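Here is the structure we will look at.
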Amino acid sequence: MKPLSIAMTSAALAGALAGLEAPVCAQGAQPAASARAHKESPLACDRLALSPAERKRHFEELGPALLARKTGVRELTDGYALSFPPDAATLRMVAEWALQERACCPFLDIAIALEREGGPLWLRLTGRKGVKEFIAADAAAWIGKQQGPAR
């Protein structure tokens with residue numbers, strides 16, 4: 008009898024949850040992904056997105072360390088791709104930097120890729136109209152050396 012009561016309780020709970028969901032959807036609520044797709048942050052850094060310790064790490068430690076490890080830059084139609092050595096330490100630094108950058112510059116599309124056969128690590132910074140110009144103005148030291156288009 009115990010398995011039957013659990014099944015009945017689960018069915019009742021599922022029915023109750025389904026009942027809660029229906030009115031929300033009927034009222035015209037949009038899924039989170041759809042709502043996010045229409046939001047556009049201003050093309051400006053949110054200086055309050057990082058704590059003082061995170062800002063120090065991002066701008067005084069990670070940034071200079073990554074800049075020193077950067078092996079190349081490729082201009083893209085909507086931003087830039089930066090190449091780095093594909094070692095584990097650099098990958099960890101790029102990932103940490105990208106998470107922090109995402110917090111303070113939510114308008115950026117940030118992608119990290121590792122090329123096959125031991126190729127370079129790429130950090131792609133792209134976005135909507137105006138983002139490429141923002142990057143060129145805000146990160147001139149990062150994109151100083153330009154090469155051909157990224158693959």
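Numbered as in the numbering used here, the sequence shown ends at 158 without a single skipped number.
Even glycine gets a Cβ: it sits at the ideal position worked out from N, Cα and C.
Keep in mind that this is a model prediction, so the values were computed, not measured.
For residue i, which residues does DSSP report across the bridge?
i, result
"Ala88", "Arg81, Arg131"
"Ile119", "Leu130"
Please return the same chain residues whose Cβ sits closer than 6 angstroms to the Cβ of residue i, not counting the five positions on each side in sequence.
i, result
"Ser90", "Thr78, Gly79, Pro127, Trp129"
When you compare the CB of residue i with every CB in chain B, is at least one pair closer than 7 angstroms?
i, result
"Leu83", "The structure shown has no chain B; it contains just one protein chain."
Determine the direct distance from the alpha carbon of residue j to that of residue i, and round the result to whole angstroms.
i, j, result
"Arg81", "Glu124", "20 angstroms"
"Ala144", "Val138", "10 angstroms"
"Trp104", "Lys136", "23 angstroms"
"Ile117", "Arg99", "15 angstroms"
Around the C-beta of residue i, are 16 or more other C-beta atoms found within 10 angstroms, so that it is buried, or is it exposed?
i, result
"Leu69", "buried"
"Ala88", "buried"
"Thr97", "buried"
Let's see if you can read the secondary structure: which residues bound the alpha helix (DSSP H) around residue i?
i, result
"Trp149", "Careful: Trp149 lies outside any alpha helix (DSSP H) and carries neither H nor E."
Cutting at 7 angstroms between CB atoms, please list the residues of its own chain near residue i, excluding the five before and the five after it.
i, result
"Ser107", "A small fix is needed here, since residue 107 is Gln in this sequence, not Ser. Correct list, in chain order: Leu57, Glu61, His65."
"Ser48", "Pro113, Phe114"
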